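Just remember that the numbering used here sits 16 ahead of the position in the sequence shown, which is counted from 1.
The beta-carbon is built from N, C-alpha and C at its ideal position, and this holds for glycine as well.
Given the structure is predicted, the values throughout are model-derived calculations rather than measurements.
One structure is given below, encoded as structure tokens.
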Amino acid sequence: AITPIPCPPGTWSNAGAPQCKPCQAGYYSTKGGSSYCTICEQGHYCGTAELPPQPCPLGRYSDKLGQTECTPCGSGTYTPAQASVECTLCPAGSSCSNPALLPQQCSSGYYSNSGQVSCSTCPTGYYTTKNGSALCNTCPIGHYCLQGNEEPKPCPPGTANALHGQTACIPCSEGKYSAYSGAI
Numbered sequence: 017a018i019t020p021i022p023c024p025p026g027t028w029s030n031a032g033a034p035q036c037k038p039c040q041a042g043y044y045s046t047k048g049g050s051s052y053c054t055i056c057e058q059g060h061y062c063g064t065a066e067l068p069p070q071p072c073p074l075g076r077y078s079d080k081l082g083q084t085e086c087t088p089c090g091s092g093t094y095t096p097a098q099a100s101v102e103c104t105l106c107p108a109g110s111s112c113s114n115p116a117l118l119p120q121q122c123s124s125g126y127y128s129n130s131g132q133v134s135c136s137t138c139p140t141g142y143y144t145t146k147n148g149s150a151l152c153n154t155c156p157i158g159h160y161c162l163q164g165n166e167e168p169k170p171c172p173p174g175t176a177n178a179l180h181g182q183t184a185c186i187p188c189s190e191g192k193y194s195a196y197s198g199a200i
């Protein structure tokens, strides 16, 4: 009597079939003698039929069953962990320059909307003194803002400022004065 030889990993056969069949792409069989191959799960890829599913690395995802490779995340997104089934949009107040890295908070003087690869400098006349800002504040009336990462400074005595978003205070005109800081 001839003893049947079990099919090797990465292949399968029906009971009594004369030959082993390779698992199709996106399927795997890690044990010899299998009568079926298993479809690769989401968040993983199956590049080699005799190996178990491999988790998608950081910065890549797999949202379908039976994938042979993971899809790279797009600009302004990231994956919080391996084996991701989707990419996550970078949150406002952060930058995502590399999908394989976690979001980096914007420094003071910088801001970002969601989905950004970098933080932007606060425009002239605007500021934010905290990290992770989604927007910059307008410099208030009676103050001036030189740097986007500094608190507004009140106009010194002898100067005034009646407008928002200014980088300097205007000296009082002849015949007028301001005796206190922050004059408008």
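Task: Three CB pairs or more closer than 8 Å across the segment 160-167 and the segment 138-148 - done: Yes, since at least three Cβ pairs between the segment 160-167 and the segment 138-148 fall closer than 8 Å, the two stretches touch.
TODO: May I ask you to report which of helix, strand or coil DSSP gives A105?
DONE: In the sequence shown, the residue the question calls residue 105 occupies position 89. A small correction: the amino acid at residue 105 is Leu; Ala does not occupy that position in the sequence shown. It is a strand residue.
Task: Contacts around P68, its chain only, beta-carbon distance under 7 Å, and the 5 residues preceding and following it disregarded - done: Here the question's residue 68 lines up with position 52 in the sequence shown. Only Y44, T46 meet the Cβ criterion.
TODO: Identify which residue in T27, V133, C152 has its Cα closest to the Cα of G49.
DONE: Taking the first residue of the sequence shown as position 1, residue 49 is located at position 33. Distance from the Cα of G49 is smallest, within the candidate group T27, V133, C152, for T27.
TODO: Please classify L151: is it buried, with 16 or more other beta-carbons within 10 angstroms of its beta-carbon, or exposed?
DONE: Translated into the one-based positions of the sequence shown, residue 151 becomes position 135. It counts as exposed.
Open item on the list: Spatial neighbours of C39 within its chain, please: C-beta separation below 7 Å, excluding the five flanking residues on both sides.
Closed with: Your numbering for residue 39 matches position 23 in the sequence shown. G26, T27, W28, S45, C53, A65, listed in sequence order.
Open item on the list: Taking the straight line between their C-alpha atoms, what separation do you get for S110 and Q132?
Closed with: Taking the sequence shown and counting its residues from 1, the one referred to as residue 110 is at position 94. Taking the sequence shown and counting its residues from 1, the one referred to as residue 132 is at position 116. Rounded to the nearest whole angstrom, the CA to CA distance from S110 to Q132 is 7 Å.
Open item on the list: Using C-beta distances below 8 Å, list every residue in its chain close to L105, excluding the 5 sequence neighbours before and after it, in chain order.
Closed with: Taking the first residue of the sequence shown as position 1, residue 105 is located at position 89. In the same chain as L105, and ignoring 5 residues on each side of it, the C-beta atoms closer than 8 Å to its own belong to G92, T93, S130, G131, in chain order.
Open item on the list: Quick check: is the beta carbon of I186 nearer than 8 Å to any beta carbon in chain B?
Closed with: Annotation note: the requested chain B is absent from the structure, which comprises a single protein chain.
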